[in-house]
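Here the structure is laid out as structure tokens; the discussion comes afterwards.
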DNA sequence: AGTTGCTGCGCAATCCGTTGAATAAGTAGT
DNA sequence: ACTACTTATTCAACGGATTGCGCAGCAACT
């Protein structure tokens, strides 16, 4: 139950609309916590009911109106309270890894195909994170230390994944070179 | 929706009770997909209704009776069908990382405390995975290739995390040595 | 004698999250 | 002209997941 807290963290820096937040969840924070726009709007509604955030209505022409949310003192208190409690263990839901674990039932070709797709995605992400991190020069790296550390986490994560993918590729290649009769299930 | 498939993957190798599966979810597969016993029992019930699995009732004395589940042909078909479809992108729910991202509101001491706790956990996991992986010698590494690759994923993941944790520690240390006045929120 | 912990299963309430859709107006491309 | 995309919010339905509880007996520790 800490989508709310992720939102509060984002609102700490700047006033934002649900739409803005959704975009940030798709990028930066998405590395750490992901959410769809429906979820975000719902949660913003609840946070508003509990006066953790408040908004001002911005009429726009050409574009639809929007609500700019900002965090309240109650919101900041709640966030600080939450930060003090030990974090809940991460829930892991990696369907691709389940497929790897059940790899005996697949053929190498389809595994490799999906591995390559994932590799492209990860490589792209790595580039994004690296260019964001390099934009934080040494001076701003002090101010935005935690942004930097979050990015570092993402970078190391992608690198580890890509390294693993190489291992998978060479293992599958080796297996095909010496095709020892593989039992259906072991 | 692939708790069911994770269960089917596990049942592919051996007959197991809900309790057995829960233990495996707490360890090996837990690295990749986690679930509580309630969820598992519920899903086993559904899988049974759809005749993806069947069970035999084992009366025991001293211990409670149990149900030993095994996968059916329908279950294996369903699993193979699922393996062919592209996997859903992993959902990430890492509360600890949200706390890091909001680190400006915490004090270094409490961050370090939690970082150390997590480090212990990760190190322990790394040891477990490494000893499991080394048990798979070269011959069985061919048979259990996908078990091995899953373990490698876990190992690389823990290593990357531990490396990141070191970066965090030295960054926080450096910050305290030169305590530039840190604004309340940036 | 009492507590804790392990084996083993299950239900109910509630909450979290996803899927799918609707509305509405502008802009950019084919 | 038509299609597709972007900005911006919201609702409804369903299914997945968590929390809390309950039963039951044995083993082991204090």
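Chains as they are written, first to last, in my numbering: chain A, 44 to 229; chain B, 44 to 229. Where is the CB? At the ideal position from N, CA and C, for every residue including glycine. Computed from a prediction, not measured in an experiment: that's the story for all the values here.
Backbone secondary structure at residue i - three-state DSSP
| i | result |
| --- | --- |
| residue 178(A) | helix |
| residue 75(A) | coil |
| residue 59(A) | strand |
| residue 97(A) | strand |
| residue 128(A) | coil |
| residue 142(A) | helix |
| residue 106(A) | coil |
Cut-off 7 Å between Cβ atoms - residues of its own chain near residue i, not counting five sequence neighbours on either side
| i | result |
| --- | --- |
| residue 54(B) | 96, 112, 113, 114 |
| residue 72(A) | 49, 53 |
| residue 211(B) | 158 |
| residue 103(B) | 109 |
| residue 63(A) | none |
| residue 162(B) | 205, 208 |
| residue 173(A) | 198 |
Contact set for residue i: own chain, Cβ-Cβ below 8 Å, skip 5 residues either direction
| i | result |
| --- | --- |
| residue 215(A) | 151, 154, 155 |
| residue 122(B) | 48, 51, 52, 55, 114 |
| residue 176(B) | 191, 194, 195, 198 |
| residue 179(B) | 187, 190, 191, 194 |
| residue 57(A) | none |
| residue 220(A) | none |
| residue 70(A) | 171 |
| residue 229(A) | Its pLDDT being 46, under 50, residue 229(A) is placed unreliably in this model, and the value from its coordinates should be taken loosely. For residue 229(A), where only same-chain residues beyond five positions count, the Cβ hits under 8 Å are 147. |
C-beta contact flag for residue i and residue j at 8 Å
| i | j | result |
| --- | --- | --- |
| residue 157(B) | residue 139(B) | yes |
| residue 126(A) | residue 142(B) | yes |
| residue 98(A) | residue 91(A) | yes |
| residue 93(B) | residue 46(B) | no |
| residue 89(A) | residue 100(A) | no |
Presumed contact (8 Å Cβ cut-off) between residue i and residue j, rounded CB distance
| i | j | result |
| --- | --- | --- |
| residue 198(B) | residue 169(B) | 6 Å |
| residue 135(B) | residue 207(A) | Contact doesn't hold; Cβ gap of about 17 Å is too wide. |
| residue 185(A) | residue 218(B) | 7 Å |
| residue 159(A) | residue 133(B) | About 17 Å separates the two Cβ atoms, so there is no contact after all. |
| residue 118(B) | residue 87(B) | The Cβ separation is near 11 Å, so there is no contact. |
| residue 68(A) | residue 59(A) | At roughly 11 Å, the Cβ-Cβ gap does not stay under 8 Å, so residue 68(A) and residue 59(A) are not in contact. |
Contact set for residue i: own chain, Cβ-Cβ below 6 Å, skip 5 residues either direction
| i | result |
| --- | --- |
| residue 80(A) | 65 |
| residue 74(B) | 197 |
| residue 183(B) | none |
| residue 131(A) | none |
With three or more C-beta pairs closer than 8 Å as the rule, is the region 188-207 of chain A touching the region 129-146 of chain B?
The region 129-146 of chain B makes contact with the region 188-207 of chain A; the number of CB pairs closer than 8 Å reaches 3 or more.
Looking at C-beta atoms only, is the number of pairs between the region 198-207 of chain A and the region 202-221 of chain B that lie closer than 8 Å three or more?
With the rule of 3 Cβ pairs closer than 8 Å, the region 198-207 of chain A counts as touching the region 202-221 of chain B.
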